[in-house]
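Working notes, beginning with the structure itself.
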Amino acid sequence: MFVLKYSWAERQNQTIVGVVFETPNSQIPRIFRANITNEMQRKTASMSFVNGNISHKAIGLYINNPNQLQVEMSLNVNDRKYLALELQLNKTDSRNGCMYYPSFYLSVNHERIAGLGGQIKYTERKNISQWEYIVMIETRRVRATATGYLSVSHNMTYMIHNTMEYRVR
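Residue numbers (UniProt numbering): 1 to 169.
This is the structure:
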């Protein structure tokens with residue numbers, strides 16, 4: 001015997017879809033759940049599967065609005081986070097431009113595999129566009145920092161300055 005449930009709910013600016021499959025009263029319980037939520041600037045998805053003592057769960061998040069772009073994904077096996085991935089770009093307006101804050105994080109079995117963080121400042125004045133940046137990149141073996149700027153004038157003259165510091169473990 002099994003049970004299959006399906007739901008679809010639409011509210012103002014939000015849609016939620018869900019599916020559940022389970023085998024009640026069986027010797028080995030099996031349950032599958034999936035949910036998707038769709039909003040104007042945010043989407044989430046989750047899926048879980050239980051087969052006896054083994055469980056898997058995947059979660060995803062996507063946010064997209066004028067000041068934030070974010071993607072998160074994770075995979076849990078038996079309630080232990082096996083994989084985590086986070087990407088994010090935040091933006092704040094400033095005088096004559098804006099600031100960007102990128103970040104990236106990847107871990108497997110709670111061990112950080114790679115990461116990135118920093119800031120990028122964009123300014124535009126008197127027909128000159130300039131990007132100043134400080135970006136830090138880290139893996140298990142390398143840690144690096146890039147600092148510099150890129151400047152472009154109205155007559156397409158480019159000026160680039162970059163400094164890279166790194167350490168190998």
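Heads up, the beta-carbon is just placed ideally off N, CA and C, and yes, glycines get one too.
In this text the structure is predicted, and so the values were computed from the model without any measurement.
Rounded to whole angstroms, how far is the Cβ of residue i from the Cβ of residue j, which I believe are closer than 8 Å?
| i | j | result |
| --- | --- | --- |
| residue 179 | T147 | In the structure displayed, the chain extends from 1 to 169; residue 179 sits before or after that span and is not available. |
| E72 | L61 | 4 Å |
| Q119 | M99 | 6 Å |
| V142 | V108 | Between V108 and V142 the Cβ distance is about 17 Å, and since that is not below 8 Å, they are no contact. |
| Q130 | S151 | 4 Å |
| R30 | T23 | 5 Å |
| T92 | N67 | 7 Å |
How would you label residue i, buried or exposed, when you count the other beta carbons within 10 angstroms and need 16 or more for buried?
| i | result |
| --- | --- |
| residue 193 | As displayed, the chain neither begins before 1 nor continues past 169, which places residue 193 out of reach and without an answer. |
Nearest-angstrom Cα distance between residue i and residue j?
| i | j | result |
| --- | --- | --- |
| N78 | F49 | 10 Å |
| N90 | S46 | 24 Å |
| I63 | N51 | 32 Å |
| N96 | G115 | 30 Å |
| E86 | I36 | 19 Å |
| F6 | T157 | Checking the sequence, you will find Tyr at residue 6 rather than Phe. Using only the alpha carbons, I get a separation of about 60 Å. |
| Y149 | G117 | 17 Å |
| E124 | A144 | 28 Å |
| E39 | Q88 | 19 Å |
| H56 | N76 | 6 Å |
| Y101 | S74 | 22 Å |
| V19 | I128 | 54 Å |
| T15 | Y166 | 47 Å |
| V135 | H161 | 14 Å |
| Q41 | N65 | 6 Å |
| K121 | Y133 | 6 Å |
| S153 | Q12 | 47 Å |
| S26 | M1 | 8 Å |
| K81 | F21 | 24 Å |
Could I get the ranges of all uninterrupted beta strand (DSSP E) runs contained in the region 39-112, with 3 residues as the minimum, in chain order? 42-51, 54-65, 68-77, 80-94, 97-108
Identify every run of the alpha helix (DSSP H) within the region 121-157, keeping only runs that are complete inside it and at least 4 residues long; order them along the chain. none
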